[in-house]
Structures are given as C-alpha cells and as structure tokens.
Amino acid sequence: MVPLLLIVASVAGLINFSNAASAGFVVPCHASDEKCLFDNLDRGIVAYKDGIPELGVEKMDPMHLKEVDASSPNLKFLLKDLTVTGLKSCKPLKLKRDPSKSTIVIKLECPIKLDGQYELDGQVLVLKVGGKGKIHVFLKKLEIEVILDIVKKEKNGEEYMKVKKFTHSYELKEKSDLVFEGLFQENKVLNEAAKDLINNSPNEIINEIGGGLFTACITEVVKNVNSMFSHVPTKQLVLD
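Count the sequence shown with mature numbering (1 follows the signal peptide of the UniProt record, and there is no 0) and you get residues -20 to -1, 1 to 220, in order.
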C-alpha cells in the first residue's frame, strides 16, 4: 500500500529549496551522482513525513484515504476510512533520474500498516467470500518501485515540472498479516474456511485483490508531488 508517500520523500532528493527552511537536508545533485541522490532520499523520507505546508505537501504518515474502490470483475471490494502508516520507516533502495527520458525511478523497502473498513463480496483465489467490517493489513517487508513520467509546463514565465503519469511494481518479501473482521459472521464453517485461506495465503490474496489499493495510495502521493512541483520552478529542482 504503497505507497506513495514514498514518492514524495524520494523526489526530495532532486530538489534545491534554497528558501525553504524545512529543506536544509537537501544537497543539489546531478542526475549522474547516484550517491548524492541516494543520500538525499534517505534524509528526505524523514523530512517529508510531517509534510511541507508551504509547498503544498500534506502530512504523509499517517496517510488517510476516505474511500477506495478496489473492485475487479469477480470481486466487489470497497474500503473506507483508511489509515496507512509506516512510510516514515521506508528504506531507500534506489533513486534514479534520467533527463533524456524525463523519468524518475524510485525504489524503496517499507513496513506498511493499513487499518480501516471494508466490504467484500465475490471470489478470492478458490473461495467465494462475503462480509463487511474492519480490515487490518501489515506488509512487513514491501519492496516497491515507481516510475514517474515528467513533463514541463510554463507558468508566469517560469518552467515547472509535473508528473504526467506513473507505473509501479511491488513484491512482498515476507509473509504479511491480513485480517478481515466480519467474514461470514453467521456461518462458522465458511468463516473458518476463510480464516484458513487468509492465514495460509495472505500474500497471494493481497496480490490478487490489492492492486486498486496500491494505485490509490500512489495517486495520493503523486498529487502531493505535483503540488510541490507547482511551487518550485524547474531551475531550482535539478542541476541538469
């Protein structure tokens, strides 16, 4: 769940906020200076967790999502009142900027927790499931990579960057915790069958039904990245 917050922290590694008191950790970098970018990302994850109001960056840990529709053709999966935590504990794995392709690649390893309300009805792996209640997720070791496609816009005679679109991939490196309270409350046999499936195959279930939730989290972070970009001209963001 990515985690998108993560992107905000990572983009910090590209930026020179000479007038922003909250960005004293940033060292301006060339795209070829991998160590400089990596070090800025490491410091940026911590610096960005509380947000930067003057740049339009909201507090990202915790992240709050009011409603997410993660349904698929075979499954109704609605979530609301979600709280996502753990992004401040992400470890940077890679930050790469390619000026020739106008892309930024971020890779991180994160322990992510999610709590909220769910409604579920349909097929999950081999079992038909249904219910509503509280959901608890702990991705103990999530490895995620996000590729940002960047375009440039002109405003008031200045050039600004903007994330036009993104793609992402992820891998769950350890067994996750996944709890759906309220599944088959009136049928103990089905309830136990669902619990066994979830306890034995949490990562497989997350991979099957979690795509929409990952996308929602990343979209939220990209919104904040673009808000930040809209405040700072390109010439203040990169050295090349």
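Glycine is no exception: its CB is placed at the ideal position from the N, C-alpha and C atoms.
Note that the structure is predicted; figures quoted are calculated from it, not measured.
With respect to the beta strand (DSSP E) encompassing K135, which residues constitute its N-terminal and C-terminal limits? 107 to 135
What residues match up with Y140 in a beta bridge as DSSP calls it? K133
C16 in three-state terms, based on DSSP: helix
Mind checking whether P79 and F18 have CB atoms under 8 Å apart? no
Quick check: N206 and K142, are their CB atoms within less than 8 Å of each other? yes
What did DSSP end up calling E166 once you bin it into helix, strand or coil? coil
Tell whether a beta-carbon distance below 8 Å holds between V109 and D157. no
Check for me: the beta strand (DSSP E) holding V159 runs from which residue to which? 157 to 160
Whole angstroms is fine: what's the gap from T214's alpha carbon to K135's? 11 Å
Considering only residues of the same chain and omitting the five flanking positions on each side of E125, which have a CB-CB separation below 6 Å? K87, S149
Identify, in the order they occur along the chain, each residue of the same chain with its Cβ nearer than 8 Å to the Cβ of K112, setting aside the five sequence neighbours on each side. Q97, Y98, E99, L100, G162
D220 by DSSP, collapsed to three states: which one? coil
Less than 8 Å between the CB atoms is what I'm expecting for V48 and N204, so what's the real figure, rounded? Contact flag wrong, Cβ pair sits at about 17 Å.
Just to confirm, are L128 and I92 a CB contact at a threshold of 8 Å? no
State the Cα-Cα distance for the pair S181 and V7, rounded to the nearest angstrom. 44 Å
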